[in-house]
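Each remark here refers to the structure printed beneath this line.
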Amino acid sequence: MVAIDDRIKEIEDEIQNTHYNKATQHHVGKLKAKLAQLVEKSLKKVGGGGGGLGFGLKKTGHATAILVGFPSVGKSTLLNKLTNAESRVAAYEFTTLSVVPGMMDYEGAKIQILDLPGIICGAATGKGRGREVLSMTRNADLVLIIVDSLNLKQVDALLKELYNIGVRVNSAPPNVSITRTSKGGVNLLSTVKMTRTNLEDIRAILNIYGIHSADVSVNQDITQDQFIDVICKNRVYMPGVIAVNKMDMTRESPAEIRKKLGYDFIPISAEKGENLDKLRDAIFERLGMIKVYLKKRGQEADLNEPLIMKKGVTVGDVCDALHKDFRRKFKYGKLWGKSAKYDGQTVGVSHVLRDKDILMIVREN
Numbered sequence: 090m091v092a093i094d095d096r097i098k099e100i101e102d103e104i105q106n107t108h109y110n111k112a113t114q115h116h117v118g119k120l121k122a123k124l125a126q127l128v129e130k131s132l133k134k135v136g137g138g139g140g141g142l143g144f145g146l147k148k149t150g151h152a153t154a155i156l157v158g159f160p161s162v163g164k165s166t167l168l169n170k171l172t173n174a175e176s177r178v179a180a181y182e183f184t185t186l187s188v189v190p191g192m193m194d195y196e197g198a199k200i201q202i203l204d205l206p207g208i209i210c211g212a213a214t215g216k217g218r219g220r221e222v223l224s225m226t227r228n229a230d231l232v233l234i235i236v237d238s239l240n241l242k243q244v245d246a247l248l249k250e251l252y253n254i255g256v257r258v259n260s261a262p263p264n265v266s267i268t269r270t271s272k273g274g275v276n277l278l279s280t281v282k283m284t285r286t287n288l289e290d291i292r293a294i295l296n297i298y299g300i301h302s303a304d305v306s307v308n309q310d311i312t313q314d315q316f317i318d319v320i321c322k323n324r325v326y327m328p329g330v331i332a333v334n335k336m337d338m339t340r341e342s343p344a345e346i347r348k349k350l351g352y353d354f355i356p357i358s359a360e361k362g363e364n365l366d367k368l369r370d371a372i373f374e375r376l377g378m379i380k381v382y383l384k385k386r387g388q389e390a391d392l393n394e395p396l397i398m399k400k401g402v403t404v405g406d407v408c409d410a411l412h413k414d415f416r417r418k419f420k421y422g423k424l425w426g427k428s429a430k431y432d433g434q435t436v437g438v439s440h441v442l443r444d445k446d447i448l449m450i451v452r453e454n
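If you're matching positions, the sequence shown starts at 90 in our numbering and goes up one per residue.
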C-alpha cells in the first residue's frame with residue numbers, strides 16, 4: 090500500500106508541475122491514465138467498490154445521505170437537528186471518531202444520514218484513515234457537503250477529495266461508448282467538435298489500459314479525465330447538496346457567497362436551527378424522490394404514510410411496488426394532484442406521477 094501511495098503522489102506532483110499545453114497534452118493524458126489505475130488499485134484494497142457502507146453500517150430507510158465536512162464545521166450539530174441521532178458536539182477537531190447514523194423523517198420519507206469522521210486534506214490518499222472513511226460515500230445515494238461560512242475554500246477541497254476516490258458530484262456520465270474489437274486499431278467516431286482531447290490522446294490512454302483495438306463513439310466534447318472515467322467503469326455519479334453553515338457568523342450575504350463559490354448552496358445556521366427546512370427540501374429534491382398518497386374507494390387518502398418512489402414513476406410502477414398482482418388486475422386509476430388535468434382524472438398504467446399526487450387504483454374482480 091505504501092508503494093502505491095508513494096507512486097500516486099509522484100504522478101500527482103508531476104501532473105501539477107507540468108505546464109499544460111498542446112505539446113504536453115499527450116504526456117499528461119498518459120500520466121492521468123496511470124494515476125487512475127493506481128487509485129483504482131488503492132480503492133480495492135479498502136473495499137471502496139463493495140456493496141456495504143463500511144464501518145459495520147447498513148443502508149436503511151428510503152435513501153442514504155453521507156454528511157461530509159472538515160472537522161468542527163458543525164456536522165454533529167446539523168445531524169442532531171436533522172435527525173434523532175445523538176452525535177457528540179464539541180468545539181475542537183476530530184470530535185467524531187466513528188460514523189454516527191441518524192434518520193431524517195421528511196413528510197413520511199425516511200432518509201438515513203451518516204455523519205462521517207471529519208475529513209482532512211489528503212484523505213483520499215490515505216491520511217487519517219481518510220480513504221476508508223471516504224469510500225463509504227461511493228455507496229450512498231447523496232452526499233451532503235457542509236462547510237464553514239468563514240472558510241469557503243473547503244468546498245473545492247472536499248469536492249477534490251471526493252473526486253479522487255471516484256465520486257463525481259452533480260455530474261452525469263460522459264456520453265461516450267467504447268467497444269473493444271479484435272483488430273483494426275482505434276477508430277474514433279465523434280458527433281461533436283472535440284476541443285479538449287483528440288484521437289492521439291484517446292489512443293495513448295487506451296494503450297495504458299491494454300486496449301489496442303476499439304471503436305470509440307464520442308457524443309460530447311470530453312476531457313481526458315472524462316474519457317478515463319469511461320474506461321474505469323467504477324465512477325459514481327451522485328447528487329449532492331452543499332450547506333454553508335454558521336451564516337450567523339459572517340457579514341457576507343448569500344448572494345455574495347454564491348458569487349464567490351460558483352455553486353448553488355443552502356445557507357444555514359445549524360446551531361440556531363436557521364433555514365433547516367430548506368435544507369431538508371433540497372435533500373429530498375436532489376434524491377429524485379416523490380411522495381404518492383394512496384386512496385381507497387369511498388375513503389379519504391392516507392396522507393400519513395405516502396409511498397416513496399423515484400421521479401418519473403408511472404401508475405404501473407406503483408402497482409408493481411404494492412403487489413405482484415396489481416398490474417395484472419389493474420382496471421383504471423383515479424388521480425388528484427399536480428399530474429392530473431383535473432381532479433379525479435381517469436388514468437392508465439403509463440401515466441407519469443408527480444410529487445404529492447393522490448392515486449386510487451381500481452382493480453378487476
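Just so it is clear, CB atoms sit at the ideal spot from N, CA and C, and this is done for glycine as well.
Quantities reported herein were computed from a predicted structural model and do not represent experimental measurements.
- Taking one beta carbon from each stretch, the stretch 247-255 and the stretch 274-282 have fewer than 3 pairs nearer than 8 Å; the two do not touch.
- In this structure, DSSP gives residue 224 a helical state, which the three-state scheme calls helix.
- Boundaries for residue 324: no beta strand (DSSP E) harbours it, and the DSSP string shows neither H nor E there.
- Counting along the chain, no alpha helix (DSSP H) covers residue 190; the unbroken beta strand (DSSP E) around it starts and ends at 189-195.
- Looking only at 358, 113, 222 and 126, the smallest Cα-Cα distance to residue 170 is reached by 358.
- In this structure, residue 444 and residue 379 form a Cβ contact; the two beta carbons are roughly 4 Å apart against a cut-off of 8 Å.
- Residue environment for residue 411: exposed (fewer than 16 other C-beta atoms within 10 angstroms of its C-beta).
- With a cutoff of 8 Å on beta-carbon distance, residue 125 and residue 321 are scored as near each other.
- Between residue 294 and residue 316, the C-beta gap is smaller than 8 Å, which places the two residues in contact.
- Residue 326 has its alpha-carbon roughly 14 Å from the corresponding atom of residue 377.
- Distances from the alpha-carbon of residue 231 to those of 329, 116 and 366 put 329 closest.
- For residue 283, the secondary structure class from DSSP, reduced to helix, strand or coil, is coil.
- The stretch 280-288 and the stretch 303-313 touch, with no fewer than 3 CB-CB distances between them shorter than 8 Å.
- The Cβ-Cβ distance between residue 158 and residue 235 falls below 8 Å.
- Take the alpha-carbon of residue 420 and the one of residue 452: they are about 5 Å apart.
- Secondary structure note for residue 165: its alpha helix (DSSP H) is the uninterrupted segment 164-171.
- With a cutoff of 8 Å on beta-carbon distance, residue 148 and residue 204 are scored as not near each other.
- Here residue 152 is buried, its C-beta having at least 16 other C-beta atoms within 10 Å.
- Cα atoms of residue 437 and residue 395: separation of roughly 20 Å, rounded to the nearest angstrom.
- Distance from the CA of residue 300 to the CA of residue 268, rounded to the nearest whole angstrom, comes to 10 Å.
- Remark: C-beta atoms of residue 417 and residue 405 do not approach each other more closely than 8 Å.
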